[in-house]
Amino acid sequence: MIIKLTDHHGISVEYVLESQMSEASFAWLKPMFSAKDTEVFPSFAKEEKKIFVGLGKKENLTAETLRRQSFQLGKILEKYHIKKATIDVPDFKAWTNNRELCAIKAVRYLVEGLLQSSYRFDPYLSDKKEDDETVISLKVRPGYEEKAAFSIEETTNIMSGVFFTRDLVNTPPIDLYPETLAEKAKETLEKSDVKVTIYGKKQIEELGMKAFLAVSQGSDKEPQLIVMEYLPNENEKPIALVGKGLTYDSGGYAIKTPKGMVDMKSDMGGAATVIGTISALARNKVKKNVIGIICACENMISGKAYKNGDIISSMKGLSIEVRNTDAEGRITLADALYYAATKTDCEMIIDLATLTGASIVAVGEFTTALISNDDHLVKYAQTAAEKSGEYVWELKANEQLRELVKGTISDLKNSTESPFGGCITAGIFLEHFIENKPWLHMDIAGSSFSGKPYSYLPKDATGVPVKTLYQMILDFTDKQNVFLEK
Ligand code: BES
Ligand code: ZN
Ligand code: ZN
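Numbering of the sequence shown is given in my numbering, commencing with residue 27 and proceeding in unit increments.
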């Protein structure tokens, strides 16, 4: 699908509020369409073919209505193989008095919804659906063309970051393993001036990443440390984005059930989120320095694998008792976070990880759980999520929970004896390796992968929370000194 600001072409699309249906010109349409915010009506019987998109009640109109209804519109265009359409972008702000629906932002939501409707993951299908090459023309009010063109390009780049993340997560582990993940990151990001350095096993050993190596040692696939540098500004400390990169998590000797294991190709969702976000930032030339760090490996079973009961070391030197080989993400992140904190001179660390099933129990299937040592960062994440139409929820650590990750014969243990609070205790474990930097942990076990489609999000990889992370970093460019103000 291509979206442009071209002259009127093809079929006309009209967005309509419920209240507008009382106008005389809509009288003929009333038996078929009442402009509810779930309705899209293709009207092909009359001479002038049109598609009407319902927006519901004026007072309820939000960015999310525009995204969802534009997604439904895209599905209708696909269903009827309509290759050319023109959308007359209404003045949503004048209708609603809502600044969040100004012309430029409205273009963002329309483009987002439309592009969402075009996503498919079909490389493994013999019988692929033909791509219709739909071209949609947006007609904006005179004087807004330049801003709208910018908004279309910006949104298209963000969505290609989201789709890249989805493709990486959806690719099965027979094809996507640490080396191929690293190659794909390098191949794509280097096109947009991101420097990608890949370290193999020998260099990981030289760095002393013993925790990371312990998790990877049961696999025949070589672990990879992937470092991505996007540094558009001089003399600015970067934000470190750390992603959990388990290209497959069998559970190891604490082996998962077939049902628990079948979707574990998605255990590199954090890594894919980091790669997709950096790709979108670089394509849009966002002026903020960012370093992405991924410890990529597989968690497998073999004669070489680590065992339940092992005590291992880490890059920081803290010892970890492996009470459960399936709590492997936090072990790899221990070294990735310590690397970020000590080798990159970063201003803050944000990590993204499909870390715990407990996070899904705590906050629900489509919500990202947040744990942080810095209220500013949480506020930024909440604001960015709201702008992006994604969900986050903060969970707070406390002293009582902190006790649970302390070891008895080791410094830390990777799994607590308690069946409760598992998302928070995982976060507390990570906190030992951030060296007191401002830090935000995003547990995306639920939000990044789904067993069913929801709204414009597809089944399987969702690409969440690329939009939130992108928006957060964009918001940091407005107020670069927020951490100095404290
Ligand atoms: N990758 C899983 C977490 C996960 C579960 C992600 C479901 C997506 C969906 C992680 O490595 C894991 O297995 N965590 C364990 C931790 C437990 C053993 C302390 C879990 O959540 O059960
Ligand atoms: Zn696991
Ligand atoms: Zn895992």
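The beta-carbon is built from N, C-alpha and C at its ideal position, and this holds for glycine as well.
None of these values were measured; they are calculated from a predicted model.
Other residues of its chain near Lys263: CB distance less than 8 Å, five sequence neighbours each side excluded:
Asn315, Asp371, Cys372, Glu373
Rounded separation between Phe392 and Glu73 - CA only
43 Å
Quick one: grab the DSSP three-state call for Asn507.
Any answer about Asn507 is weak, because its pLDDT of 41 lies below 50 and its placement is not dependable; what the coordinates show is given next. Here Asn507 sits in coil by DSSP.
Can you find the residues in the same chain that come closer than 7 Å, C-beta to C-beta, to Cys449, ignoring five residues on each side of it along the sequence?
Thr382, Ala384, Ser385, Ala388, Ala395, Leu421, Asp469
Any chance the segment 326-340 sits against the segment 252-267, with 3 or more Cβ pairs inside 8 Å?
no
Using only the heavy atoms of ligand 2, determine whether one of them is closer than 6 Å to the beta carbon of Glu354.
yes
Extent of the continuous alpha helix (DSSP H) run through Ser163
Taken as a continuous stretch (DSSP letters only), Ser163 belongs to no alpha helix (DSSP H), being part of the beta strand (DSSP E) at 161-165.
Looking at the secondary structure, which residues open and close the beta strand (DSSP E) in which Asp469 lies?
465-469
To the nearest angstrom, report how far apart Asp158 and Val39 are at their CA atoms.
18 Å
What residues in its chain sit with their C-beta under 8 Å from that of Leu444, if we drop five residues either side in the sequence?
The identity of residue 444 in the sequence shown is Ser, whereas the question assumes Leu. Closer than 8 Å at Cβ, skipping near neighbours: Leu430, Thr451.
Check whether the Cβ of Asp361 sits closer than 6 Å to any heavy atom of ligand 3, and report yes or no.
no
Using C-beta distances below 6 Å, list every residue in its chain close to Leu164, excluding the 5 sequence neighbours before and after it, in chain order.
Leu31, Ile113, Val115
Are there 16 or more other CB atoms within 10 angstroms of the CB of Pro198, so buried, or fewer, so exposed?
exposed
Less than 8 Å between the CB atoms is what I'm expecting for Lys62 and Glu85, so what's the real figure, rounded?
Actually they do not touch by this definition, with Cβ atoms about 14 Å apart.
My assumption, with CB atoms under 8 Å, is that Lys221 sits in contact with Glu248. Please give the rounded CB distance.
The Cβ separation is near 21 Å, so there is no contact.
Put Leu43 into one of helix, strand or coil per three-state DSSP.
coil
Identify which residue in Thr88, Phe78, Cys321 has its Cα closest to the Cα of Asp293.
Cys321
Residues bridged to Val300 by DSSP?
Note: Val300 sits in no beta bridge, so no partner.
Reduced DSSP secondary structure (H/G/I, E/B, other) of Gly80
strand
What residue from Gln98, Lys228, Ala237 has the CA that sits closest to Lys342's CA?
Ala237
Measuring CB atoms only, is the segment 296-310 touching the segment 228-247, in the sense that at least three cross pairs come out at less than 8 Å?
no
Enumerate, from N- to C-terminal direction, the unbroken beta strand (DSSP E) stretches of 3 or more residues contained entirely within the segment 185-238.
221-225
Taking only the alpha-carbon atoms, compute the straight-line gap between Tyr135 and Gly415 and give it to the nearest angstrom.
10 Å
Collapsed DSSP secondary structure at Phe502 in the structure displayed:
helix
Would you mind sorting Phe446 into buried or exposed? The rule is 16 or more other CB atoms within 10 Å of its CB.
exposed
What's the C-alpha gap between Gly477 and Lys485?
6 Å
Can you grab the Cα-Cα spacing for the pair Val508 / His402, in whole Å?
Caution applies to Val508, whose pLDDT of 41 falls short of 50 and renders its modelled position unreliable; the value that the coordinates give is listed next. Near 8 Å, if we compare the C-alpha coordinates of His402 and Val508.
Nearest-angstrom Cα distance between Leu500 and Val312?
7 Å
Return the bridge partner residues of Thr494 from the DSSP annotation.
Beta-bridge pairing links Thr494 to no other residue.
Looking at the secondary structure, which residues open and close the beta strand (DSSP E) in which Val316 lies?
316-325
Residue-level contact to chain C via CB, Glu179, 7 Å cutoff:
In the structure shown, chain C does not exist; there is a single protein chain.
Find out if the Cβ-Cβ distance for the pair Thr351, Tyr279 is shorter than 7 Å.
yes
Have a look at Thr64 and Glu179 and give me their C-alpha separation to the nearest angstrom.
27 Å
In three-state DSSP terms, what is Phe70?
coil
For a test of the three-state rule: what should DSSP assign to Gly448, helix, strand or coil?
helix
Val492 classed as buried or exposed, judged by whether at least 16 other C-beta atoms fall within 10 angstroms:
buried
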